[in-house]
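**Student:** What follows is a single structure, and I will ask about it in a moment.
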Amino acid sequence: MTEPLLPREVSRAFDAFPLPIRRRLLDVRKLIFATAKAHDDDVGPLTETLKWGEPAYLTDATGSGSTIRLGPLKHSDYAAILFNCRTTLVETFRERFPDQFKYRQTRALLLNVSGKLPKQPLSVCLSLALTYHLDRRWKR
Numbered sequence: 001m002t003e004p005l006l007p008r009e010v011s012r013a014f015d016a017f018p019l020p021i022r023r024r025l026l027d028v029r030k031l032i033f034a035t036a037k038a039h040d041d042d043v044g045p046l047t048e049t050l051k052w053g054e055p056a057y058l059t060d061a062t063g064s065g066s067t068i069r070l071g072p073l074k075h076s077d078y079a080a081i082l083f084n085c086r087t088t089l090v091e092t093f094r095e096r097f098p099d100q101f102k103y104r105q106t107r108a109l110l111l112n113v114s115g116k117l118p119k120q121p122l123s124v125c126l127s128l129a130l131t132y133h134l135d136r137r138w139k140r
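Going by my numbering, 83 is the number at position 83 of the sequence shown; the sequence numbering is gapless.
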């Protein structure tokens, strides 16, 4: 299955990004949908919308995950995958992949816009985000 067509308002948000960042984040979008599909029983369909004017991916149907938001890192050439700063997601990514990505505090995983997308480690990170609340429910 390929990712769904971009909703009009989300497409406009992507179009506002500088071209190299847009291309990188559209690749991340594909990976988000592929990762969600791989965990379909737990994650269910994704809601694609805007949060703070940026593309965001939510697990509204199941409540399994934490919101994933895509955008440029201000004043830089990095593409950012943003997460709720009240989660332990970025901390977990740092522990698992200390040298694979750059990070911004507890909020973002940063990607270079050139070179090959690190699909395998990134899909692990996206999987953790899309199932974040499931993992926490089992630990209670």
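A virtual CB, placed ideally from N, CA and C, is assigned to each residue, including glycine.
1. Inspect the beta-carbon positions of T106 and L128 and report whether they are closer than 8 Å.
2. Using only CA atoms, which one of V43, D42, T67, T62 lies nearest to T49?
3. Would you be able to state if there are at least three C-beta pairs under 8 Å between the stretch 29 to 44 and the stretch 98 to 112?
4. Mapping DSSP to helix, strand and coil, what is T62?
5. Entirely within the stretch 13 to 40 and at least 4 residues each: give me those alpha helix (DSSP H) ranges in chain order.
6. List the whole-angstrom C-beta distance separating G44 from T59, where the pair is believed to meet the contact cut-off of C-beta under 8 Å.
**Tutor:** On the basis of the supplied data:
1. Translated into the one-based positions of the sequence shown, residue 106 becomes position 106. Translated into the one-based positions of the sequence shown, residue 128 becomes position 128. No, they are not a contact pair.
2. Position 49 of the sequence shown, counting from 1, holds the residue named residue 49. Looking at the Cα atoms, T67 is the closest of the given residues.
3. Taking a contact to require three or more Cβ pairs closer than 8 Å, the stretch 98 to 112 and the stretch 29 to 44 do not qualify as touching.
4. For the purposes of this step, residue 62 is identified with residue 62 of the sequence shown, where counting begins at 1. Coil at T62, not helix or strand.
5. 19 to 38
6. Along the sequence shown, one-based indexing puts residue 44 at 44. Along the sequence shown, one-based indexing puts residue 59 at 59. Indeed they touch by this definition, with Cβ atoms about 6 Å apart.
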